[in-house]
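Engineer: One structure follows; several queries about it will come next.
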Amino acid sequence: MKARDIMNTNLVVVRRDDGIKKLVDVLLANGLSGVPVVDSKERVIGIVTEADVINKEMKARMFSAKNLVKLLNIWKEREKENSVGDIMSEDVFTVSEDTDLFDLIEVVIEMKINRIPVVDTDGRLVGIITRGDLLRGLRSIEG
Numbered sequence: 006m007k008a009r010d011i012m013n014t015n016l017v018v019v020r021r022d023d024g025i026k027k028l029v030d031v032l033l034a035n036g037l038s039g040v041p042v043v044d045s046k047e048r049v050i051g052i053v054t055e056a057d058v059i060n061k062e063m064k065a066r067m068f069s070a071k072n073l074v075k076l077l078n079i080w081k082e083r084e085k086e087n088s089v090g091d092i093m094s095e096d097v098f099t100v101s102e103d104t105d106l107f108d109l110i111e112v113v114i115e116m117k118i119n120r121i122p123v124v125d126t127d128g129r130l131v132g133i134i135t136r137g138d139l140l141r142g143l144r145s146i147e148g
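Numbering (my numbering), first residue to last: 6 to 148.
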């Protein structure tokens with residue numbers, strides 16, 4: 006079984022310049038915990054998760070409690086951090102449609118990731134595989 010057999014092709018993505026509010030709306034509206042970030046040619050350039058948003062907010066709150074000067078600096082920083090590009094992870098592991106199911110499972114376990122973008126030879130997003138997709142793949146081969 007290959008990535009193409011289990012990947013989800015109903016893709017939800019965001020762009021680097023999308024605002025954090027839009028990102029949160031996309032995640033909530035689609036019941037997702039993370040989405041790929043793509044450029045204008047649909048090439049994967051990052052991945053962003055609800056944890057990235059939460060970490061950004063918690064970082065601001067933890068430091069703001071210490072003193073007013075830090076609070077003012079954080080507010081200045083937050084003005085700069087208004088887009089997906091400010092919080093996304095750019096180091097994204099992707100796979101091809103030909104990647105074997107057991108290789109996908111190994112990647113998820115070893116890299117401790119929840120989703121794997123599937124790309125074509127030009128790096129364009131064609132699907133995404135979650136841990137749930139891997140379970141469905143295992144179930145289907147076990148009969």
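Note that the Cβ used here is the ideal one computed from N, Cα and C, for glycine as well.
The structure displayed is predicted, hence computed values, not measured ones.
1. Among residues of its own chain, excluding the 5 on either side of Arg1, which ones have a beta-carbon nearer than 8 Å to its beta-carbon?
2. Would you call Arg120 buried or exposed, if buried means 16 or more other Cβ atoms sit within 10 Å of its Cβ?
3. Can you tell me whether Met116 is buried or exposed? The criterion is at least 16 other CB atoms within 10 Å of its CB, across all chains shown.
4. What beta strand (DSSP E) runs, 3 residues minimum, are completely inside the region 105 to 135?
5. Which runs of the beta strand (DSSP E) at least 3 residues long sit entirely within the region 25 to 61? Give them in chain order.
6. Shortest alpha-carbon distance to Ile134 belongs to which of Lys27, Asp23, Pro41?
Structural biologist: So, from the listed chains and residues:
1. Because residue 1 is not part of the residues shown, which for the chain are 6 to 148, the question remains open.
2. As a first step, residue 120 is located in the sequence shown; it is residue number 115 there, counting from the start. Looking at its Cβ environment, which holds 16 or more other Cβ atoms inside 10 Å, Arg120 is buried.
3. Here residue 116 is taken as the residue at index 111 of the sequence shown, counted from 1. Burial call: exposed.
4. 120 to 124, 130 to 135
5. 39 to 43, 49 to 54
6. Translated into the one-based positions of the sequence shown, residue 134 becomes position 129. The shortest C-alpha separation from Ile134 is found at Pro41.
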